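Residue numbering for the sequence shown follows the working numbering, starting at 33 and increasing by one per position. Ideal Cβ positions, reconstructed from N, Cα and C, are used throughout, including at glycine. Note that the structure is a prediction, hence the values are computed from the model and not measured.
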Amino acid sequence: MKNRLIVLPVIWGVLIFSNISGPNSIFAQSAMTNVSARHCTSLDGKWEVIIDPTGAGDWRQVWQERKPEKKTDFIEYSFEGGPLLNVPGDFNSQMTELKYFEGTVWYKKIFNYNLNKSRRLFIHFGAINCISNVYLNGNLLGKHEGGFTPFQFEITNAVQKGGNTIVVRVNNQRLKDGIPGLGYDWFNYGGITRDVNLIETDNTYISDYFIQLKKHSSSEVLGWVKVTGAHFQQNVEIMIPELNVHYKTKSNIEGLAEVKFSSRFELWSPENPRLYKIIVQCETDTVIDNIGFRSIEAKGSKILLNGKPVFLKGINVHEENPLRAARAFSESDALILLTWAKELGCNMVRLAHYPHNEYMIRLAEKMGIMVWDEIPVYQQIEFSVPAVTDKMDLMMREMVSRDKNRCGVIVWSLSNETSSSSARDNALINLTDKCRHLDSTRLITSVINDQNYKNNNVSVWDTLYRHFDIISLNEYLGWYVPWQGRPGDVKWNLVCNDRPVVISEFGGEALYGSNYGPKDEAASWSEEYQEQIYKDQIEMLKTVPNLSGICPWLLVDYRSSGRMHPVYQNGWNRKGLISDRGDKKKAWYILKAYYESVKNNY
Ligand code: GCU
33 MKNRLIVLPV
43 IWGVLIFSNI
53 SGPNSIFAQS
63 AMTNVSARHC
73 TSLDGKWEVI
83 IDPTGAGDWR
93 QVWQERKPEK
103 KTDFIEYSFE
113 GGPLLNVPGD
123 FNSQMTELKY
133 FEGTVWYKKI
143 FNYNLNKSRR
153 LFIHFGAINC
163 ISNVYLNGNL
173 LGKHEGGFTP
183 FQFEITNAVQ
193 KGGNTIVVRV
203 NNQRLKDGIP
213 GLGYDWFNYG
223 GITRDVNLIE
233 TDNTYISDYF
243 IQLKKHSSSE
253 VLGWVKVTGA
263 HFQQNVEIMI
273 PELNVHYKTK
283 SNIEGLAEVK
293 FSSRFELWSP
303 ENPRLYKIIV
313 QCETDTVIDN
323 IGFRSIEAKG
333 SKILLNGKPV
343 FLKGINVHEE
353 NPLRAARAFS
363 ESDALILLTW
373 AKELGCNMVR
383 LAHYPHNEYM
393 IRLAEKMGIM
403 VWDEIPVYQQ
413 IEFSVPAVTD
423 KMDLMMREMV
433 SRDKNRCGVI
443 VWSLSNETSS
453 SSARDNALIN
463 LTDKCRHLDS
473 TRLITSVIND
483 QNYKNNNVSV
493 WDTLYRHFDI
503 ISLNEYLGWY
513 VPWQGRPGDV
523 KWNLVCNDRP
533 VVISEFGGEA
543 LYGSNYGPKD
553 EAASWSEEYQ
563 EQIYKDQIEM
573 LKTVPNLSGI
583 CPWLLVDYRS
593 SGRMHPVYQN
603 GWNRKGLISD
613 RGDKKKAWYI
623 LKAYYESVKN
633 NY
């Protein structure tokens, strides 16, 4: 059955999309919000696996786990006796024979559960990269596509008393009609890459809520609570004990309760990352969250945080722990990356190029680091294929749904470096409008790199920018694009000069400690060459009109199979300011000094 998109009425300026996947849908349900606050049973740990490079497991139906019955029977697969993999975690970094594997791996986990009557049970995946089919006790629950957003299945009526078996078919082959498509400049880590939890709820429970400041306000909260289940019309209350807020409301015939109240908040900011304990309660469920309140907006050429101009001192980060050469998935991974960003003097991280795990989002918020959240609509995308635009839509909704209550998230970014075409423009304009309907409180953009550079003049001509709150552009002057004059003499011509500009990527490669050739030649991969790029870029930044932030590419070296020079790269993109062993390169100090020189309210 097609994934039904129920467009609920426009409520308080927020058009709520809810892709209700009915009980017999083969598509996963939208994940409930704030999983970590729920009644969870973790399924993390060792899972049995079958490595299936030719896809034989499909026609052998390995999820049935058939066993020999007669003396003459034999079965040509088995989970028992096979390898074990850690979940969460990519499979490529766990077994040498899987280092570059792109194909199917079957995962199996047995769990015991006793579910009382009037209770509901769900299985929730933080993310699986990238197509997954989930089976419970030999029966298909459904499938999900997309490697970086959560999803769930309700198993209330499928879970057995006592022992149950979950089998997950994971396939990480790149797809021409995928999001991202076939080619991308990061490592294709496959597997059950984030936490897996069983979530138990009451028969009627709080499945979702949106509690943030109304656009342009510093005191009025405008949002909603979704009550799901048989008794969806209930009294609902929002409490903030520290502010003595007891806001009472009721859920309507769609289970939706309006939230609209004012209070005197200590606003969240990088200098004061204030979060409040919020209790969201209905008659049959209570969910506790830590939510911050701030306003973010683009006004003229400035980005305003809580009404004051803010300069985004950003850095790009991939979801990878370089010290393990593996997909990052844990709070300790997030702490390593965000501590590096903080030490560099950043107040923002662009989580390239896909939604990172929730530990990263929540820790950044606690550390006072703003987050640029992005979906991997990356470079070559089949925009004219309806299935592809459906996938873009679903992934955007899954990102917004998961992170909409995280005040640290200030930007929804809906694409990176796509080529101009009518199909691309229509798809991204449509997606931008839908995103703004879902959440009008944040800045929305797409990152573009098709500006022209001639006679030391940069022409930013893409008309798509007119649909975004900020102009975000990637430029690699000094690396991919040699300078055509003095960096300080660059002239700019913006397609629209009534909004803030963020340079969302610049940089160049250097191998830490490289002493292989002349320091002033790119082909030496010298730290000095990268250092000079940063010096020149900082000089050039003075020429950028409406500059409201920068986000160099990137914090730390990361794996990318297309980076093939055997001496300098060896499968790593070396644009990091920090090496894959955590060493600071010379350019790190240039950016650190620049960020120290930039006033916060510039
Ligand atoms: C592009 C792209 C990045 C890529 C970088 C590079 O701008 O957005 O994903 O890794 O350039 O070439 O290193």
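Spatial distance of residue i from residue j (CA atoms)
i      : j      : result
Gln205 : Gly594 : 16 Å
Tyr237 : Ile413 : 38 Å
Asp568 : Ala384 : 24 Å
Glu232 : Asn148 : 10 Å
Ser445 : Ser250 : 24 Å
Asn144 : Asn229 : 13 Å
Gly440 : Asp90  : 42 Å
Leu275 : Ala625 : 40 Å
Tyr590 : Glu553 : 22 Å
Thr136 : Asn165 : 11 Å
Asn602 : Ser239 : 46 Å
Asn458 : Gln483 : 20 Å
Val199 : Asn169 : 8 Å
Asn379 : Lys141 : 41 Å
Phe297 : Pro387 : 28 Å
Pro493 : Pro85  : Per the sequence shown, residue 493 should be read as Trp rather than Pro. Distance between the alpha carbons of Trp493 and Pro85: 45 Å.
Val46  : Ser362 : Its pLDDT being 41, under 50, Val46 is placed unreliably in this model, and the value from its coordinates should be taken loosely. So the two alpha carbons sit approximately 32 Å from each other.
Thr197 : Arg498 : 51 Å
Ser74  : Ile401 : 28 Å
Leu288 : Ile461 : 28 Å
Trp524 : Asn66  : 44 Å
Leu171 : Ile107 : Per the sequence shown, the amino acid found at residue 171 is Asn instead of Leu. The alpha-carbon atoms of Asn171 and Ile107 are separated by roughly 19 Å.
Asn118 : His176 : 21 Å
Met427 : Phe415 : 14 Å
Val630 : Leu344 : 10 Å
For residue i: DSSP bridge partner residues
i      : result
Val202 : Val137 and Ser164
Ser283 : Ala289
Val635 : Examination of residue 635 is not possible in this model, given that the chain is present from 33 through 634 alone.
His176 : Ser164
Trp79  : Leu117
Met271 : His278 and Ile311
Arg151 : Asp234
Tyr241 : Val257
Ala330 : Ile335
Gly539 : DSSP output for Gly539 lists no bridge partner at all.
Leu573 : DSSP output for Leu573 lists no bridge partner at all.
Glu553 : According to DSSP, which records beta bridges pairwise, Glu553 is partnered with nothing at all.
Leu579 : Val533
Gly223 : Asn161
Pro519 : Paired residue(s): none; Pro519 is not in a bridge.
Asn605 : Tyr590
Cys72  : Ile231
Asn144 : Gly195
Glu636 : In the structure displayed, the chain extends from 33 to 634; residue 636 sits before or after that span and is not available.
Ser20  : Any question about residue 20 goes unanswered here, given that the chain covers just 33 to 634.
Ile610 : Val588 and Lys616
CB of residue i within 7 Å of CB of residue j, strictly
i      : j      : result
Ile211 : Lys398 : no
Ile335 : Pro532 : yes
Tyr139 : Trp79  : yes
Ala60  : Gly174 : yes
Cys583 : Ser546 : no
Ile320 : Ala88  : no
Pro354 : Val81  : no
Arg300 : Gly324 : Before going on, a small fix: residue 300 reads as Trp here, not Arg. Yes. Within cutoff.
Arg359 : Asp122 : yes
Tyr627 : Trp557 : no
Tyr485 : Asn448 : no
Lys436 : Asp465 : no
Asn124 : Leu116 : no
Trp218 : Ile610 : no
_With three or more beta-carbon pairs closer than 8 Å as the criterion, would you say the segment 392-409 touches the segment 429-442?_
yes
*Do the segment 328-338 and the segment 464-482 meet, that is, are 3 or more Cβ pairs less than 8 Å apart?*
yes
*asked:* Whether or not the segment 312-328 and the segment 264-280 are in contact is what I'm after, with contact meaning three or more pairs of Cβ atoms, one per stretch, closer than 8 Å; do they touch?
replied: yes
*asked:* Count Cβ pairs between the segment 388-396 and the segment 357-372 that sit closer than 8 Å; are there 3 or more?
replied: yes
_Segments assigned alpha helix (DSSP H), at least 4 residues, entirely inside the segment 352-439_ = 363-376, 390-399 and 418-435
*If you pair each beta-carbon of the segment 524-544 with each one of the segment 602-617, do three or more pairs fall below 8 Å?*
yes
_Sufficient close CB pairs (3 or more, under 8 Å) joining the segment 184-200 to the segment 154-171_ = As far as the Cβ criterion goes, the segment 184-200 touches the segment 154-171, which means the pair count is three or higher.
*Determine, using beta-carbon pairs with one atom in the segment 244-260 and one in the segment 281-292, whether at least three such pairs fall under 8 Å.*
yes
*How do the segment 568-583 and the segment 502-514 stand: do at least 3 beta-carbon pairs fall below 8 Å, yes or no?*
yes
*Segments assigned beta strand (DSSP E), at least 3 residues, entirely inside the segment 460-493*: Counting whole runs of 3 or more residues, the segment 460-493 contains the beta strand (DSSP E) stretches 475-480, 484-486 and 489-492.
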